[in-house]
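Undergrad: Okay, handing you the structure first.
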Amino acid sequence: MQSARDEVVRQIRDAICHVVGPAWAAELEITADASLIDGIELDSIETSKVIEIMLEQYPRVDFESWFSGMNIQQIMSLTIGQIADFIVRETQRQDQRA
Amino acid sequence: MSIDAGFSLNAITLGEPACPPILFVHGMAGSAGLWVLGYAFHLARNYRVIAYDQRGHGLSPTPPRGYRLNDQADDLEQVRLRLAPGPVTVVGYSYGGHIATRWAMRYPEHAAGLVVIDSPPLPLLTRDIDDLLDGLPALLGGDFTREGRFLDPLKTSLRDDILKRRRRILNTKSRIDALKATTFRSDVLSDTAFDNAEFKRIGCPTLLIYSTQAGHLDYAERQRTLIEDCELTLVDGGHDLVTADPDAVRHALERFMLQSVRPREMS
Chain A
1 MQSARDEVVR QIRDAICHVV GPAWAAELEI TADASLIDGI ELDSIETSKV IEIMLEQYPR
61 VDFESWFSGM NIQQIMSLTI GQIADFIVRE TQRQDQRA
Chain B
99 MSIDAGFSLN AITLGEPACP PILFVHGMAG SAGLWVLGYA FHLARNYRVI AYDQRGHGLS
159 PTPPRGYRLN DQADDLEQVR LRLAPGPVTV VGYSYGGHIA TRWAMRYPEH AAGLVVIDSP
219 PLPLLTRDID DLLDGLPALL GGDFTREGRF LDPLKTSLRD DILKRRRRIL NTKSRIDALK
279 ATTFRSDVLS DTAFDNAEFK RIGCPTLLIY STQAGHLDYA ERQRTLIEDC ELTLVDGGHD
339 LVTADPDAVR HALERFMLQS VRPREMS
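Note that the protein sequences, when read in sequence, are chains A and B.
The working numbering puts the first residue of the first sequence at 1, with every later residue one more than the last.
The working numbering puts the first residue of the second sequence at 99, with every later residue one more than the last.
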């Protein structure tokens, strides 16, 4: 369980590094507790790109339903850990159904 | 996503490819992020949602020239061609509404619908463009003495972030600084108002969503009377309606889509 979460956190961290570029990434503390807007200071288009990468990596996860219950501020205030927990939970649920 | 001009525009798509497409065009100094985070997840259950960053904006590159409305409408057409090669509904906010309108005039055969959200009349005001290109970078750099109708509200809302020189503030400043080094200013100021005959040529169903307080209602009414199949929806509030009241804007858009997209085009 924990290793699955750690792996997802690592993937999100990689996606953020890819989007912001190596120069910025080196200055950021990208931890599970960091929120996209306050911790890592992504703007809305960078957040969108990170989410797009997650959508491609986890096509079975229903991000649309989850995010559609939030406004922009709420989405950008999510922490990496919260996103990882959602992905792990949804992936396990899908696996149980299969 | 590469286009014929020889560079790539950043574009994001959500929803099933078989669903009716909606293509979003952001406003000046904006990005596709507004549409993705604020609208796309709601709409992607029923529609193919496409949002892109215009040249010189967001994560798209900043070429030295090509910022007139015709250039931008051609960029939009390239995005449509690559990501939704059939009739699409195009939604444009503020200056993006002008790009969408110009596109519908240039490419009527591909326009399934047009939605214009609170676009002010053309031509743009020199003072406003100077606020954007000179005043805003100065403010973001910490100069709070600058004044302007767009700048004044930002002095309060962004004050803490500016003083802390937050990363996204520096990002925005560097993007605008890059835009200043192009023909953007002269290009956008050289675009003239659409004439009556051009509005009358728009043949697709059109929805105008205008705010009650931004002061553009006369222009909205002029469009409504000139465009053949056109309705006007008012949303209480100011020009920031797309972020201040996204539910009202989205509901108007969804209602329009249900009316304007024929059932056989629905998935």
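C-beta: ideal position from N, C-alpha, C; glycine also.
Being a predicted model, the structure only gives us computed values, none of them experimental.
According to DSSP, glutamate 329/B sits in a beta bridge with which residue or residues?
TA: Glutamate 329/B is bridged to Leu305/B.
Undergrad: Between lysine 49/A and the rest of its own chain, which residues show a CB-CB distance below 6 Å, the 5 nearest in sequence each way excluded?
TA: Excluding residues within five positions, the ones whose Cβ falls inside 6 Å are Val19.
Undergrad: Can you name, in chain order, every residue of its own chain whose Cβ lies under 8 Å from the Cβ of arginine 101/A, other than the five neighbours on each side?
TA: Within the shown structure, residues of chain A are numbered from 1 to 98, placing residue 101/A beyond reach of any answer.
Undergrad: For aspartate 14/A, go through chain B and note every residue whose CB falls closer than 7 Å to its CB, in chain order.
TA: Result: empty, since nearest Cβ-Cβ is about 17 Å, beyond 7 Å.
Undergrad: Could you tell me which chain B residues have their CB closer than 9 Å to the CB of glutamate 90/A, listed as they occur along the chain?
TA: Result: empty, since nearest Cβ-Cβ is about 15 Å, beyond 9 Å.
Undergrad: Which value, in whole angstroms, describes the spacing of the CA atoms of aspartate 327/B and valine 188/B?
TA: Cα to Cα, aspartate 327/B sits roughly 15 Å from valine 188/B.
Undergrad: Give the secondary structure of serine 365/B by DSSP, where H, G and I count as helix, E and B as strand, and everything else as coil.
TA: Unreliable placement is indicated for serine 365/B, whose pLDDT of 45 sits below 50; no coordinate value is reported for it.
Undergrad: Considering glycine 81/A, what are the terminal residues of the alpha helix (DSSP H) in which it resides?
TA: Taken as a continuous stretch (DSSP letters only), the alpha helix (DSSP H) holding glycine 81/A covers 80-97.
Undergrad: Between serine 365/B and chain A, is the shortest Cβ-Cβ distance under 7 Å, so that the two count as touching?
TA: Low local confidence applies: a pLDDT of 45 at serine 365/B is under 50, so the model's placement there is unreliable, and no value is given.
Undergrad: Which residue or residues does DSSP assign as beta-bridge partners of threonine 254/B?
TA: None, per the DSSP bridge assignment.
Undergrad: Determine which residues share a DSSP beta bridge with leucine 112/B and list them.
TA: According to DSSP, which records beta bridges pairwise, leucine 112/B is partnered with Val147/B.
Undergrad: Taking the straight line between their C-alpha atoms, what separation do you get for arginine 362/B and proline 22/A?
TA: Note that arginine 362/B scores 40 on pLDDT, short of 50, meaning its location in the model is unreliable and no value can be drawn from it.
Undergrad: Determine the direct distance from the alpha carbon of arginine 93/A to that of glycine 104/B, and round the result to whole angstroms.
TA: Glycine 104/B and arginine 93/A: Cα-Cα distance of roughly 44 Å.
Undergrad: Report the rounded CA-to-CA distance for serine 365/B versus alanine 182/B, giving the unit in angstroms.
TA: Only weak support exists for where serine 365/B lies, its pLDDT of 45 falling under 50; the value from the coordinates is given anyway. Straight-line Cα distance between these residues: approximately 14 Å.
Undergrad: Taking buried to mean at least 16 other C-beta atoms within 10 Å of its own C-beta, is serine 358/B buried or exposed?
TA: So serine 358/B ends up on the buried side.
Undergrad: Hey, could you find the ends of the alpha helix (DSSP H) isoleucine 274/B is sitting in?
TA: Start and end: 265-278.
Undergrad: In or out: phenylalanine 292/B buried (at least 16 other Cβ within 10 Å) or exposed?
TA: The residue in question, phenylalanine 292/B, is buried, as its Cβ has 16 or more Cβ neighbours within 10 Å.
Undergrad: Under 7 Å between beta-carbons, which chain A residues line up against proline 251/B? List them in chain order, please.
TA: In chain order: nothing, as chain A lies at least about 17 Å away.
Undergrad: Residue range of the alpha helix (DSSP H) that glycine 128/B falls in?
TA: No alpha helix (DSSP H) holds glycine 128/B; DSSP gives it neither H nor E.
Undergrad: Any idea what DSSP makes of leucine 223/B, helix, strand or coil?
TA: In this structure, leucine 223/B counts as coil in the three-state DSSP scheme.
Undergrad: Would DSSP call isoleucine 72/A helix, strand or coil?
TA: Helix, per DSSP.
Undergrad: Suppose you measure from the CA of glutamine 11/A to the CA of alanine 116/B; what does that come to, to the nearest Å?
TA: Going from the Cα of glutamine 11/A to the Cα of alanine 116/B covers about 29 Å.
Undergrad: Since leucine 305/B and alanine 350/B should fall inside the 8 Å C-beta cutoff, what is the C-beta to C-beta distance between them, to a whole number of angstroms?
TA: Yes, they are in contact, since the Cβ atoms of leucine 305/B and alanine 350/B sit about 7 Å apart, within 8 Å.
Undergrad: Cα separation between glycine 194/B and glycine 240/B?
TA: Rounded to the nearest angstrom, the two C-alpha atoms are 28 Å apart.
Undergrad: Run through chain B and tell me which residues come within less than 7 Å of threonine 79/A, C-beta to C-beta.
TA: Under the 7 Å cutoff, chain B gives no residues; its nearest Cβ is about 16 Å from threonine 79/A.
Undergrad: For glutamine 96/A and glutamate 90/A, what's the separation of their Cα atoms in angstroms?
TA: Approximately 10 Å between the Cα atoms of the pair.
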